[in-house]
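Peer 1: If you number the first sequence the way the working numbering does, the last residue is 230 and the count never jumps.
Yeah, the Cβ is synthetic: ideal placement off N, Cα and C, and Gly gets one too.
Below is the structure I would like to discuss, written out as structure tokens.
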Amino acid sequence: MEEDAQINRDCRAAAGLLLARAFFEAPPDRVAPRLLGKVLASRTGNGWLAGRIVEVEAYLGPHQAPPDPAAHAYRGPTERNRVLFGPAGHAYVYSIYGRYFCMNISCEQPGKAGCVLLRALEPVAGLDQMARNRGLILNARPHELTAGPSRLCQALGLARQSHNGLDLLDPASPLQLWESDLAVDRILITSRIGIRRAAELPLRFAVADNPCLSGPKNLLGRYVALSSL
DNA sequence: CTGTGGATTTGCT
DNA sequence: GCAAATCCACAGG
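Shown next, in the form of structure tokens:
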């Protein structure tokens, strides 16, 4: 099948395309914009599901300024957030509102916390399976598949029990982060979505004008070049 | 397109 | 006990 061939190529290339650990051993507000354009890939029983990261949010660790009371790590380690205080490049998946999941990537050196929340992807491989996972028709628009932090988890089949704590930089991992040669030029920076505390911090980063973004369309922000960050 | 309300697990105040 | 980094159905413009 045509799609299988594409997925196999992606799979074969995965080992050499994995991001480096050092990429994530930095403050999340530095990692977040540089993550745009990279590929999140999930291995399932039906092959790889993959999407380009087009929207993220940074959540700062308690050691960093300014204080970020919206971050799960704000009050220090707990049973839920312990992944955030471990090594960088691991998946922090938690359940929210009783029915959904959100996926983050841990940053900083072990002992320090901080993470990047994935808010939207642009589907790359396995679109039919994503539609099935989301309960949508096979020809659903890409935006319906993976625009939204819990939508993308549903599309890729991510859940806390199965994916929390996975190393995203291990070639044997079922959940990986791949490099991409697609350049991201202009980035939209806004406040973060869906939080009450520290709502004024400009820590949401999105690929400008990408059709797969989540959230209000008229959210104010500023456009910058990645090279200026 | 915008706005409203409900579903319903989890972890901490 | 209750608020939460959400999504969906539905109503109205």
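Which residues mark the beginning and the end of the alpha helix (DSSP H) in which PRO143 is found?
Peer 2: Here the alpha helix (DSSP H) through PRO143 covers 143 to 147.
Peer 1: According to DSSP, is ASN233 helix, strand or coil?
Peer 2: This structure cannot settle anything about residue 233, because the visible part of the chain is limited to 2 through 230.
Peer 1: Closest to ALA184 by CA distance: which of LEU18, LYS39, PRO29 and LEU19 is it?
Peer 2: Taking only the C-alpha atoms, the option nearest ALA184 is LYS39.
Peer 1: For ASP69, which three-state DSSP category applies?
Peer 2: DSSP places ASP69 in coil when its eight states are reduced to three.
Peer 1: Below 8 Å between beta carbons: does that hold for VAL94 and PRO29?
Peer 2: Taking 8 Å as the Cβ cut-off, VAL94 and PRO29 do not qualify as a contacting pair.
Peer 1: What residues in its chain sit with their C-beta under 7 Å from that of GLY77, if we drop five residues either side in the sequence?
Peer 2: Excluding residues within five positions, the ones whose Cβ falls inside 7 Å are PRO63.
Peer 1: Under the three-state reduction of DSSP, which class applies to VAL225: helix, strand or coil?
Peer 2: Reduced to three states, the DSSP call for VAL225 is strand.
Peer 1: So LEU169 and LEU159 are supposed to be a Cβ contact under 8 Å. How far apart are they, rounded?
Peer 2: Not a contact, Cβ separation roughly 12 Å.
Peer 1: According to DSSP, is ASN140 part of a helix, a strand, or is it coil?
Peer 2: Coil at ASN140, not helix or strand.
Peer 1: Using DSSP with H/G/I as helix, E/B as strand and the rest coil, what is HIS164?
Peer 2: Looking at HIS164 - three-state DSSP - the assignment turns out to be helix.
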